[in-house]
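Asks: Can you read through this structure? Questions will come right after.
Residue numbers (my numbering), protein chains in the order written: chain C, 2 to 349; chain A, 367 to 614.
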């Protein structure tokens, strides 16, 4: 049976079903439903909820909970995510699995509380210091908020890496019917690395400071090997009417919903448009995009930013075909009509 | 011949990288002895700071995690809330706990987290070469107070135990020193009491250990002990600042 809930609530239910043991958060709009909902739910379930003194502390509490092998998460919106970057970089370096959720709002600075997609660079290009990557998932529906939250913990543990869900204020706030269809996870494998007291084994330490000669270089090589494996295995996407398309829109999250409507609108007018939607922003589905970059095809990156994902689309296309852009930021939203007008210009 | 004293099991059999005359070695040993005596080594998850004691995980013979600078109280909160049955302590310096991490310190204390903090106060940033710390004394020369700390320019030294004592969440706060055997014995008692406070579920405990840093103070080890006795502990009076272990 489907339930009508907000994206932020579906996200909570997905994390709970996946066995979320500890949540640490801090108030910021438009993610406030997450800590509010979990402050009741986690306590009722006998799990951990702490409202931290800051985004910095919340992310470091996640680090502490996750270093003991427990499933832990924090959520925030753009300015708060900037504050979490320190702990995110440490968790990447220390190879600690955890979930960080960004319900994006307008920026830069304090920006506003409307949905936006301006944190793409921060999410997929680093954000914090050092050579690291996050697995970045981009839900575009309330159902996917549930499913991706659920899946994120398995991914994080499989690769011992933090995972980010990069959603936005619209997906977080909108209500849609959701099927809560995933089994409650209760049994978790014993990990080989977590800190839970050294009873019956040698003491362990987890660190990112590696001072001995060549050790940090080796650690970085190992991390890159891991990222290569993730790139090979985990790039996820979906396509809509791309087979015969002359213009392929690339869009993620809420933009992909608008873009899909635009494709339908264009098709009604006999214009062959299609949609390519990355579900993982890192790893970016570059090979799948490259395969679509055939002569005569043009790409249009549609985003609620001033052009961020387009850089990865261009890298994937590698100059073979034109890539154009349509986007707005600061809480403004592109419409399907605007996309259709842009497509018409492109095929003139 | 009967062996009456040996290296604590909670210390690894390895050389420490601390400078000659530094107090960390003594404090590490006191912590390790207390952990052994309380029988909690195998359920300990400790948090190392950023600073000289970041290498604590190379010396302690139990599970230790790293934490970003100043964040050990938040990391310890995450560990302890998720695993209330574990024994959790942080080991932090003055810059870590009272400058960059002051918010984490105050709020972990105010929440009454059932953790213990071993706070090593040596009145400067040791690891980075002796800059001014929040606990640097008035008039004390450091790398970044070459004319001596002037309250008009750099403010006043922070007395962390006294500051935290105003918070209802704190149970046990004591300042000790390790500049002579008599004080080392007192320091061990305080550390053990703070650990016991956690074991008994009585809430937040912190022991501030006044420690010498001869290399960064530009003194011989002997002079640094003299300065600790004659100047440092006059500015930071020793003793229990708050003890509600009997009430909780």
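Positions of the beta carbon are idealized from the N, C-alpha and C atoms, including for glycine.
Looking only at C-alpha atoms, which of C:46, C:239, C:62, C:309 sits nearest to residue 185 of chain C?
Replies: If we check each option's Cα against that of residue 185 of chain C, C:46 comes out closest.
Asks: Determine the burial state of residue 519 of chain A: buried for a count of at least 16 other Cβ atoms within 10 Å of its Cβ, exposed for fewer.
Replies: So residue 519 of chain A ends up on the exposed side.
Asks: Out of C:294, C:335, C:96, C:70, state which residue places its alpha-carbon closest to the alpha-carbon of residue 255 of chain C.
Replies: The shortest C-alpha separation from residue 255 of chain C is found at C:335.
Asks: If you follow the alpha helix (DSSP H) that residue 593 of chain A is part of, which residue opens it and which one closes it?
Replies: First-last of the alpha helix (DSSP H) with residue 593 of chain A: 587–593.
Asks: Apart from the five residues just before and just after residue 511 of chain A, which ones in its own chain have a Cβ nearer than 7 Å to its Cβ?
Replies: Counting only Cβ-Cβ distances below 7 Å, and skipping sequence neighbours, we find 498, 502, 520.
Asks: Counting contacts by CB-CB distance shorter than 8 Å, is residue 429 of chain A in contact with chain C?
Replies: Output row for residue 429 of chain A: interface = yes.
Asks: Can you pull the chain C neighbours of residue 449 of chain A, defined as C-beta to C-beta under 8 Å?
Replies: What residue 449 of chain A touches in chain C: 69, 71, 197.
Asks: So, is the C-beta of residue 398 of chain A closer than 8 Å to a C-beta in chain C?
Replies: Judged by the 8 Å Cβ criterion, residue 398 of chain A is not in contact with chain C.
Asks: Can you name the residues of chain A whose CB is closer than 7 Å to the CB of residue 95 of chain C?
Replies: 432, listed in chain order.
Asks: Beta-carbon of residue 207 of chain C versus every beta-carbon of chain A: anything under 8 Å?
Replies: Taking Cβ atoms only, chain A reaches closer than 8 Å to residue 207 of chain C, which makes this a yes.
Asks: Output, in chain order, the set of chain A residues within a Cβ distance shorter than 8 Å of residue 221 of chain C.
Replies: Simply none; closest approach about 17 Å.
Asks: Please report the Cβ distance between residue 480 of chain A and residue 567 of chain A, rounded to the nearest whole angstrom; I am assuming they are in contact, meaning their Cβ atoms lie under 8 Å.
Replies: The Cβ separation is near 6 Å, so the contact holds.
Asks: Does residue 204 of chain C get closer than 8 Å to chain A when you measure Cβ to Cβ?
Replies: Output row for residue 204 of chain C: interface = yes.
Asks: With 7 Å as the limit, tell me which residues of the region 26–37 of chain C have their beta carbon closer than that to any beta carbon of chain A; keep them in chain order.
Replies: Hits within the stretch: zero.
Asks: Residue 91 of chain C touches chain A at which residues, Cβ-Cβ below 7 Å?
Replies: What residue 91 of chain C touches in chain A: 434.
Asks: Would the beta-carbon of residue 8 of chain C fall within 8 Å of that of residue 173 of chain C?
Replies: Closer than 8 Å, so yes.
Asks: Does the distance from the CB of residue 27 of chain C to the CB of residue 77 of chain C come in under 8 Å?
Replies: Yes, Cβ-Cβ distance for residue 27 of chain C and residue 77 of chain C is below 8 Å.
Asks: DSSP three-state label for residue 501 of chain A, please.
Replies: Correct three-state label for residue 501 of chain A: coil.
Asks: I need the straight-line Cα distance from residue 338 of chain C to residue 226 of chain C, nearest angstrom please.
Replies: Going from the Cα of residue 338 of chain C to the Cα of residue 226 of chain C covers about 44 Å.
Asks: Is the separation between the beta-carbon of residue 332 of chain C and that of residue 115 of chain C shorter than 8 Å?
Replies: Yes, they are a contact pair.
Asks: List the residues of chain A whose Cβ lies closer than 9 Å to the Cβ of residue 87 of chain C, in chain order.
Replies: Simply 434, 435, 437.
Asks: Can you grab the Cα-Cα spacing for the pair residue 603 of chain A / residue 24 of chain C, in whole Å?
Replies: Each residue's Cα considered, the two are about 40 Å apart.
Asks: In three-state terms, what does DSSP make of residue 378 of chain A?
Replies: In this structure, residue 378 of chain A counts as coil in the three-state DSSP scheme.
Asks: Per DSSP, residue 491 of chain A forms a beta bridge with which residues?
Replies: Paired residues: A:497.
Asks: By the three-class DSSP mapping on this structure, what secondary structure does residue 116 of chain C have?
Replies: Strand, per DSSP.
Asks: With a cut-off of 8 Å, does the C-beta of residue 401 of chain A fall near any C-beta of chain C?
Replies: Not one chain C Cβ lies under 8 Å of residue 401 of chain A.
Asks: Buried or exposed, going by whether 16 or more other CB atoms sit within 10 Å of the CB of residue 460 of chain A?
Replies: By the 10 Å Cβ count, residue 460 of chain A comes out buried.
Asks: For residue 397 of chain A and residue 555 of chain A, what's the separation of their Cα atoms in angstroms?
Replies: In a straight line, the C-alpha of residue 397 of chain A is about 10 Å away from that of residue 555 of chain A.
Asks: Shortest alpha-carbon distance to residue 96 of chain C belongs to which of C:302, C:330, C:207?
Replies: Cα-wise, what sits closest to residue 96 of chain C is C:207.
Asks: What residues from chain A crowd round residue 62 of chain C, counting only those whose CB sits closer than 8 Å?
Replies: In chain order: 440, 441, 443, 444, 447.
Asks: Let me check understanding here. Comparing Cα to Cα, which of A:430, A:394, A:492, A:375 lies closest to residue 403 of chain A?
Replies: When only C-alpha atoms are compared, the closest one is A:375.
Asks: With distances taken between CB atoms, is the gap from residue 165 of chain C to residue 223 of chain C smaller than 8 Å?
Replies: Not in contact: residue 165 of chain C and residue 223 of chain C (Cβ atoms no closer than 8 Å).
Asks: What residues from the region 96–129 of chain C come within 8 Å of chain A, judged by C-beta to C-beta, listed N to C?
Replies: Answer set for the region 96–129 of chain C: empty.
Asks: Taking 8 Å as the threshold (beta carbon to beta carbon), is residue 473 of chain A in contact with chain C?
Replies: For residue 473 of chain A, the answer is yes, since a Cβ of chain C falls inside 8 Å of its Cβ.
Asks: Give me the DSSP bridge partner(s) of residue 169 of chain C.
Replies: Paired residue(s): C:105.
Asks: Around the Cβ of residue 473 of chain A, are there at least 16 other Cβ atoms within 10 angstroms (buried) or fewer (exposed)?
Replies: Residue 473 of chain A should be labelled buried.
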